[in-house]
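Since the structure comes first, as structure tokens, the remarks are kept for the end.
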Amino acid sequence: MVTVSLAARAAGVRFEDAGDAEDLGRGPGGCYGAAAQVRLWSRAWLVVSVAGAHEANAVWLACGSAGLLESLNCGHATGTYRALAAATGGRYAAASEVRQQGHRWLRSASRPLLDQACVHLGLRRGCRAEEVLAAR
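Mind the numbering: the sequence shown is residues 116 to 251 in the working numbering, read in order.
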């Protein structure tokens, strides 16, 4: 992420790492408000993201933005987010891993993302990547 941040600074643009965007707008009790997500996506010039349901927020991209660059991990491909980006007048591009790792990416995942996977699979928060992989 440091390389992207430095490149953005050199280009004179602002870079925001929204890596923990799942928690963005989360209120007490676990409910999510839409305002924070709308604010994040509507002010973005370019969104770089792995494939996922959160990309439905592409409808909030500003007209004339660079749009959405989607990483198609694990061979996942869908035209859904291409259509949503196009609906806003934004562009869309997809990138695939050259050497796909499957779910091995979990070993380098951030703690909040790994915790989310742990809880989703009914494991204790703070579990290790190996436990998530074994539970699949």
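Here a beta-carbon is modelled for each residue, glycine too, at the ideal position from N, C-alpha and C.
DSSP state of residue i, grouped into three classes?
| i | result |
| --- | --- |
| L155 | helix |
| Q131 | This sequence places Glu at residue 131; Gln is not what is there. Residue state, collapsed to three classes: coil. |
| L161 | strand |
| R243 | coil |
| L121 | helix |
| L228 | helix |
| A177 | coil |
| A166 | coil |
| H235 | helix |
Looking at the strands, I want to know which residues DSSP matches up with residue i.
| i | result |
| --- | --- |
| Y207 | L183 |
| R141 | Y147 |
Measure how close the beta-carbons of residue i and residue j come, nearest whole angstrom, since I'm counting them as under 8 Å.
| i | j | result |
| --- | --- | --- |
| A151 | L139 | 5 Å |
| S186 | A166 | 7 Å |
| A149 | L176 | The Cβ separation is near 15 Å, so there is no contact. |
| A80 | L184 | The structure shown does not extend to residue 80, since the chain spans only 116 to 251, so no value can be given for it. |
| Y147 | A173 | Between A173 and Y147 the Cβ distance is about 17 Å, and since that is not below 8 Å, they are no contact. |
Considering only the alpha carbon of each residue, which of the options lies closest to residue i?
| i | options | result |
| --- | --- | --- |
| T193 | R226, G182, E170 | E170 |
> Hey, is the stretch 225-237 in contact with the stretch 190-204, meaning 3+ C-beta pairs nearer than 8 Å?
Replying inline: no
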